[in-house]
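Quick notes on the structure that follows.
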Amino acid sequence: MKLITLFSVVFLFGQTLSAQDDELIMNLCSGKWHKSYWLSDIDGHANIYPMPVSLGHWIIFYPDGTSRINDGTNEYNGEWEFNPKKRTLTTKDREGLIHRRIVRLSESDFVYRIRVQDGETEYGFKKIE
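If you're matching positions, the sequence shown starts at 711 in this note's numbering and goes up one per residue.
Right, dumping it as structure tokens:
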């Protein structure tokens, strides 16, 4: 199953995955990611908002390109694709199509940034389970 997903990612973007990209995808699909903070950087004013695990904001990325999201109130399904050339994760779910620039991804830490109207927002996740 994992080989099919990796083949699909390579096919979609017309390039081969490096060992580093393969490790990144394995880390991404290795468990439940709990949102630990979000940082709003609008018009040069940065504000950080901690997110306790008890609020229930999490996401799971599956190797087949699907995902399961909990926004603290509702749970829903989504899809994802990784672009190794741009180092972006594109997600499609009830929030729409979002391109997320990966800042950091390890076995226990996942951070991405998205562009918003007047700046950028950063989201940090920790693997708890």
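Every residue gets a Cβ at the ideal spot worked out from N, C-alpha and C, and that includes glycine.
As the structure is a prediction and not an experimental result, all values here were calculated from the model.
DSSP places asparagine 757 inside the beta strand (DSSP E), whose first and last residues are 755-760. In the three-state DSSP reduction, isoleucine 838 falls in the coil class, being neither helix nor strand. Taking C-beta atoms as the reference points, tryptophan 790 and threonine 783 fail to come closer than 8 Å.
In the three-state DSSP reduction, aspartate 828 falls in the coil class, being neither helix nor strand. Note that the C-beta distance between methionine 761 and lysine 742 is not below 8 Å. Asparagine 784 carries a coil assignment under DSSP once its states are collapsed to helix, strand and coil. In this chain, aspartate 731 is not harboured by any beta strand (DSSP E); it is covered by the alpha helix (DSSP H) spanning 729-738. For the 8 Å CB-CB criterion, leucine 734 and leucine 807 do not form a contact. Excluding its 5 nearest sequence neighbours in each direction, isoleucine 752 has C-beta neighbours in its own chain below 6 Å: Asp828, Gly829, listed in chain order. Measuring C-alpha to C-alpha distances from isoleucine 770 to each of Arg823, Glu785, Ile824 identifies Glu785 as the nearest. Ranked by how close their Cα comes to the Cα of proline 773, the residues Phe835, Gly788, Ile812, Tyr822 have Gly788 in first place.
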